[in-house]
Amino acid sequence: MALSGTQRVFSKALHPGASAPLSSHALEWMWQQLRDVRNPHVLDCGPVSPSTVEVLLRRSAKIYVADLIAPARRSDDRFWDRQSKVPKFRLDVFLAQLPKIPSNSLSAVFCWQLFDLVPREALPGLFERLCSYLKPGGALFCLLREPYVATGADTTWWLGGPTLLVSGPPGKQRFPYPAVTNREMERLAPGSASKTFLTRSGRREVLAIIG
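Residue 1331 is where the sequence shown starts when you use the working numbering, and the numbers rise one by one after that.
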């Protein structure tokens, strides 16, 4: 689904149990880098949030929405090939959920917790596909949990402002895979710069900037 900046958002849907907005140094840095982009094209890989859409439209953005988070949490059977002893994640089927997006056209991709929800072997292909949509200077934004955080896979995140993060009620679902390390993120992005911003809430805010 694509929404143009000329459309207005009337929904003021409330999010019961939502956290107070948290300032994000990663988002501050990202928008500073994109300050001269008049109409950024953005991909949101999470559930549609009226708040996120409104924030981005105020920035005159064109928004592509493809919720990859919800099906990753459910680990839908259609994403798995179980014909062999070791089930294989069908990344091509998973990525088929994405809309048609021209290469090198996006200024930002919001991945939220997606990288903590898919198998390790799928990360290189997933990262490569998402980064292929970014133009030079564009940024991929994601949230990675610290290794000691075991639950919260079902926590939902969205924008409360250009540089503000909001989350839903703390989730109890366990993360299905080990935490992604900073070094692993750097290996995923050999042709881009990776910036990590630490927080006090057991998560890291990570930006991969396309050179």
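Glycine residues also receive a C-beta, built at the ideal position from the N, C-alpha and C atoms. These numbers were taken from a predicted model, which means no experiment stands behind them.
What's the C-alpha gap between residue i and residue j?
i	j	result
Ser1341	Val1416	Unreliable positioning characterises Ser1341 in this predicted model, as indicated by a pLDDT of 33, which lies under 50. A coordinate reading is not provided.
Ser1524	Gly1347	32 Å
Gln1443	Ile1399	7 Å
Phe1527	Arg1408	35 Å
Thr1511	Gly1541	22 Å
Ala1452	Arg1420	8 Å
Ser1354	Ala1438	15 Å
Leu1494	Val1378	17 Å
Leu1344	Gln1413	Any reading at Leu1344 is ruled out, since the residue's pLDDT is 44, under 50, leaving its predicted position unreliable.
Glu1449	Val1479	The amino acid occupying residue 1449 in the given sequence is Pro; Glu does not appear at that position. The straight-line gap from Cα to Cα measures roughly 17 Å.
Val1367	Arg1513	30 Å
Gly1468	Glu1358	14 Å
Ala1350	Thr1481	20 Å
Val1496	Thr1486	8 Å
Ala1426	Ile1539	24 Å
In the DSSP output, what is residue i paired with across the bridge?
i	result
Cys1472	Trp1442 and Val1536
Lys1392	His1371
Val1496	Trp1488
Ala1480	Beta-bridge pairing links Ala1480 to no other residue.
Thr1526	Val1536
Trp1410	Phe1419
Arg1504	Thr1481
Ser1353	Leu1494
Leu1436	Leu1464
Please go through the same chain and pick out, in chain order, the residues whose beta-carbon is closer than 7 Å to the beta-carbon of residue i, but skip the five residues on each side of it.
i	result
Gly1335	Here Gly1335 scores only 42 on pLDDT, less than 50, and its place in the model should not be relied on; the value that follows carries that caveat. Excluding residues within five positions, the ones whose Cβ falls inside 7 Å are Asn1369, Leu1387, Ser1390, Ala1391 and Lys1392.
Val1423	Arg1408 and Phe1409
Val1339	Only weak support exists for where Val1339 lies, its pLDDT of 35 falling under 50; the value from the coordinates is given anyway. Correct list, in chain order: Pro1380, Val1383, Glu1384 and Leu1387.
Ser1435	His1371, Tyr1463 and Lys1465
Leaving aside the five residues before and after residue i along the sequence, list all residues of the same chain whose C-beta is less than 8 Å from its C-beta, in chain order.
i	result
Asp1484	Arg1403, Gly1501, Lys1502 and Gln1503
Met1360	Ala1438, Ala1469, Phe1471 and Leu1537
Can you give me the Cβ contacts of residue i inside the same chain, cut-off strictly under 6 Å, excluding the 5 residues immediately before and after it?
i	result
Glu1476	Gly1532
Query raised in the report: Touching or not, the segment 1390-1401 and the segment 1370-1382, by the rule of three or more beta carbon pairs under 8 Å?
Result: yes
Query raised in the report: Is the segment 1463-1482 touching the segment 1526-1535 in the sense that three or more CB pairs, one from each, lie closer than 8 Å?
Result: yes
Query raised in the report: Taking one C-beta from the segment 1444-1458 and one from the segment 1510-1519 each time, how about it: are there three or more such pairs within less than 8 Å?
Result: yes
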